[in-house]
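Okay, so the sequence shown: first residue is 310 according to the numbering used here, each after it adds one.
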Amino acid sequence: MKQRLAAISCALLACAATCAAAQTEPGTDNLGVDFYEQNDFYSNALNRPQSTSEFYERQVNWMLENKYPPASIIMSSVGRGMTLADTAYFMSRAQPEKAQEIYELAVDIMPVLPGWACSAASGIPNRYDEGIDPAQLGAPTLQEISRLYFEEGRRFMDYPKWQQNQGNANISLDELIRFKESEIASSGEDSWWYRPDARVKTDVVMVSLYPTGERVVIDARLEQLRKMKAAGKSTVPVMLLYTERSQIPMSDFNREPAQLGDSGSATQGKPGANPYINYDDDEISASEVIARFGSTGQRVSPTRDWHKGDHHLQVQVEELKTLFDIPGKEEIPAADWQRWQQQLAQGMETPLRVSLYGGGDEDRWLDEKGLVAVAAEQGMERLPVVFFFHSNERQACGLPAACADQVREAVEKGSGRAGLFGDQAAPRTGPSTLPFAVPNPPLASPS
């Protein structure tokens with residue numbers, strides 16, 4: 310237990326500056342903030358809410374402009390929570406002509422840094438992707454946009470004002486329908502990753518791109534797309550959401566995990582087994598989500614807008630009582646009890662929020678346990694829930710930093726000088742820590 314707490318403390322120390330920099334973004338950037346919040350390692354210059362990822366870039370640029378020595382810039386940035394690779398990325402982005410010098414200096418400094426200065430391998434894929442220039446895209450198609458991400462690591466950098474009906478691109482309804490039909494044929498169902506709330510008003514269709522299996526998942530149901538076409542629409546605005554390799558659609562959670570640790574369906578039929586884990590039924594339970602994350606690291610993508618009611622699951626109140634220490638009525642102040650009664654009577658403004666920490670299915674927290682107690686007394690069967698997933702995406706604190714290959718990639722992408730080092734392999738200063746996440750089994754992608 311002490312080792313677990315030490316590891317969590319080390320991770321929190323490493324990201325302290327990130328947490329301090331984060332501020333609430335206005336309305337239409339909520340989704341961007343959620344992607345940042347739920348990844349814990351999403352602080353590069355891509356797909357950014359400005360108050361989070363640009364904080365570090367401004368810090369590095371300021372030090373460069375004021376002629377601070379590069380070695381001090383690297384060490385002070387790492388001390389404030391940046392990774393060595395991100396520091397090198399921002400430095401080479403600002404001074405591409407010095408890319409080779411920045412790389413050599415970072416590798417020279419690396420042996421004196423602790424392991425947490427480097428990302429775990431799971432935090433690097435797609436981290437330094439390049440942007441799509443809409444002017445060079447021509448007539449946009451979902452086929453080409455998804456190919457650019459899956460094959461070339463290129464993406465739209467900005468979140469459009471989707472609540473004002475602006476998307477990244479206008480896409481043909483015929484093409485969306487073809488992708489939807491292909492996804493249903495390959496996965497056996499109409500895949501989804503969140504449940505929409507009627508209070509969220511937008512004409513924009515969200516499309517999530519999953520690198521594992523190169524899957525394209527559209528948030529509109531097939532019948533909705535067909536109705537839009539029947540009503541005379543030919544195109545719709547589409548917003549692209551770029552997920553990480555550990556993220557899968559929520560609809561995948563009703564399937565047997567690819568690999569199981571001490572959690573999941575491997576416990577079925579044994580004394581003390583969780584009755585809410587059953588992959589033979591059609592229901593996805595909170596226990597199945599928690600067990601999958603604890604055993605394989607797989608997580609669901611953020612919802613569209615939980616602030617207005619979008620959620621991941623409607624969870625049984627009885628299950629919530631088994632997962633969390635729900636207080637009795639006598640333990641809850643009368644004013645809080647009345648407030649939650651009123652909230653349930655008027656309809657929940659936001660779903661319950663569950664925070665999970667990777668590494669075990671016991672590391673979980675619920676933000677409003679008293680509301681569950683009130684719902685149980687009133688005989689309510691289910692409550693909406695949104696999940697937030699967290700994990701330590703750094704190498705172990707006690708090991709020396711070992712990420713020359715990550716620094717190399719960061720410098721090449723930051724400077725825009727692809728092939729800067731030719732075919733020469735980057736030196737390795739020690740063993741890297743393997744990620745705990747196990748990738749989702751590939752599924753057929755749309756042809």
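No residue lacks a Cβ here, since even glycine has one placed at the ideal position from N, Cα and C.
All values reported here derive from a predicted model rather than from experimental measurement.
> Buried or exposed: where does K542 fall if 16 or more other Cβ atoms within 10 Å of its Cβ makes it buried?
Replying inline: Translated into positions along the sequence shown, residue 542 becomes position 233. With fewer than 16 Cβ atoms within 10 Å of its Cβ, K542 is classed as exposed.
> From V663 to I433, what distance separates their C-alpha atoms?
Replying inline: As a working note, residue 663 is residue 354 in the sequence shown. As a working note, residue 433 is residue 124 in the sequence shown. Spanning the two alpha carbons is a distance of roughly 26 Å.
>> Using the three-state DSSP reduction, which class does P443 fall into: helix, strand or coil?
In response: Residue 443 sits at position 134 when you count from the first residue of the sequence shown. Residue state, collapsed to three classes: helix.
> Any idea what DSSP makes of R367, helix, strand or coil?
Replying inline: Your numbering for residue 367 matches position 58 in the sequence shown. Residue state, collapsed to three classes: helix.
>> What does the alpha-carbon distance come out to for the pair D442 and E671?
In response: Taking the sequence shown and counting its residues from 1, the one referred to as residue 442 is at position 133. Taking the sequence shown and counting its residues from 1, the one referred to as residue 671 is at position 362. Near 44 Å, if we compare the C-alpha coordinates of E671 and D442.
> Which residues does DSSP pair with N479 in a beta bridge?
Replying inline: As a working note, residue 479 is residue 170 in the sequence shown. Beta-bridge pairing links N479 to P546.
>> Please report the straight-line C-alpha distance between E639 and P566, rounded to a whole angstrom.
In response: What you label residue 639 is simply residue 330 of the sequence shown in a count that begins at 1. What you label residue 566 is simply residue 257 of the sequence shown in a count that begins at 1. Using only the alpha carbons, I get a separation of about 40 Å.
> According to DSSP, is S431 helix, strand or coil?
Replying inline: As a working mapping, residue 431 is identified with position 122 in the sequence shown. S431 falls in the helix class under three-state DSSP.
> Looking at the structure shown, is F562 part of a helix, part of a strand, or coil, going by DSSP?
Replying inline: Within the sequence shown, the letter at position 253 stands for residue 562. Reduced to three states, the DSSP call for F562 is helix.
> With burial defined as no fewer than 16 other Cβ atoms inside 10 Å of the residue's Cβ, what is the status of N479: buried or exposed?
Replying inline: Translated into positions along the sequence shown, residue 479 becomes position 170. It is exposed - the Cβ of N479 has fewer than 16 other Cβ atoms within 10 Å.
> For E696, which of helix, strand or coil comes out of DSSP?
Replying inline: Sequence index remark: in the sequence shown, residue 696 carries index 387 (1-based). Checking the sequence shown, residue 696 turns out to be Phe, not Glu. Three-state DSSP puts F696 in a strand.
> CA-CA distance, D714 and E461?
Replying inline: To locate residue 714, count along the sequence shown from 1; it is residue 405. To locate residue 461, count along the sequence shown from 1; it is residue 152. Each residue's Cα considered, the two are about 19 Å apart.
>> Can you give me the C-alpha to C-alpha distance between R766 and G618, rounded to a whole angstrom?
In response: The chain is shown only over 310 to 756; residue 766 falls outside these bounds and no answer can be derived.
> Which whole-angstrom value describes the C-beta separation of T659 and H616, a residue pair presumed to lie in contact below a C-beta threshold of 8 Å?
Replying inline: Reading the sequence shown from its first residue, position 350 is the one you call residue 659. Reading the sequence shown from its first residue, position 307 is the one you call residue 616. Yes, T659 and H616 are in contact; Cβ-Cβ is about 6 Å, under 8 Å.
> Per DSSP, which one or two residues make a beta bridge with Q556?
Replying inline: The residue you call residue 556 lines up with position 247 of the sequence shown. Answer is R608, bridged to Q556.
> By the 10 Å Cβ neighbour count, where 16 or more other Cβ atoms means buried, how is K536 classified, buried or exposed?
Replying inline: Locating residue 536 in the sequence shown gives position 227, counting from the first residue. Label assigned to K536: exposed.
>> According to DSSP, is G336 part of a helix, a strand, or is it coil?
In response: Within the sequence shown, the letter at position 27 stands for residue 336. Reliability of the predicted coordinates at G336 is poor, the pLDDT of 40 falling under 50, and no value is obtained from them.
>> Going by the DSSP bridge assignment, what does M515 pair with across the sheet?
In response: Mapped onto the sequence shown, residue 515 falls at position 206. Looking at the DSSP assignment, M515 forms a beta bridge with M548.
> Do I593 and N563 have their C-beta atoms closer together than 8 Å?
Replying inline: If you number the sequence shown from 1, residue 593 lands on position 284. If you number the sequence shown from 1, residue 563 lands on position 254. Yes, the pair counts as a contact, with Cβ atoms nearer than the cut-off.
> Is G723 near F399, with beta carbons less than 8 Å apart?
Replying inline: Position 414 of the sequence shown, counting from 1, holds the residue named residue 723. Position 90 of the sequence shown, counting from 1, holds the residue named residue 399. Taking 8 Å as the Cβ cut-off, G723 and F399 qualify as a contacting pair.
> Where G725 and D499 are concerned, what is the direct C-alpha to C-alpha distance, given to the nearest angstrom?
Replying inline: On the sequence shown, position 416 is the one that residue 725 refers to. On the sequence shown, position 190 is the one that residue 499 refers to. Computed Cα separation, rounded: 40 Å.
> Do you know offhand how far W425's Cα is from V681's?
Replying inline: To locate residue 425, count along the sequence shown from 1; it is residue 116. To locate residue 681, count along the sequence shown from 1; it is residue 372. Those two C-alpha atoms are separated by around 38 Å.
> What number of angstroms, rounded off, separates the C-alpha of L653 from the C-alpha of D590?
Replying inline: Sequence index remark: in the sequence shown, residue 653 carries index 344 (1-based). Sequence index remark: in the sequence shown, residue 590 carries index 281 (1-based). Going by the C-alpha atoms only, they are around 29 Å apart.
> If you draw a straight line from the C-alpha of A320 to the C-alpha of R508, how long is it?
Replying inline: For this step, residue 320 is matched to residue 11 along the sequence shown. For this step, residue 508 is matched to residue 199 along the sequence shown. At A320 the pLDDT is 46, less than 50, meaning the model places this residue with poor confidence and gives no usable figure here.
> What's the gap between the Cα of A539 and the Cα of S481?
Replying inline: To locate residue 539, count along the sequence shown from 1; it is residue 230. To locate residue 481, count along the sequence shown from 1; it is residue 172. Cα to Cα, the separation comes out at about 13 Å.
>> Since L373 and C427 should fall inside the 8 Å C-beta cutoff, what is the C-beta to C-beta distance between them, to a whole number of angstroms?
In response: Here residue 373 refers to the residue found at position 64 when the sequence shown is read from its first residue. Here residue 427 refers to the residue found at position 118 when the sequence shown is read from its first residue. About 22 Å; that fails the 8 Å criterion.
> Which ranges would you report for the beta strand (DSSP E) in the segment 647 to 720 if only whole runs of at least 3 residues count?
Replying inline: 661 to 666, 673 to 675, 691 to 699
> For the alpha helix (DSSP H) that L534 lies in, which residues bound it at each end?
Replying inline: Taking the sequence shown and counting its residues from 1, the one referred to as residue 534 is at position 225. Element bounds for L534: 531 to 539.
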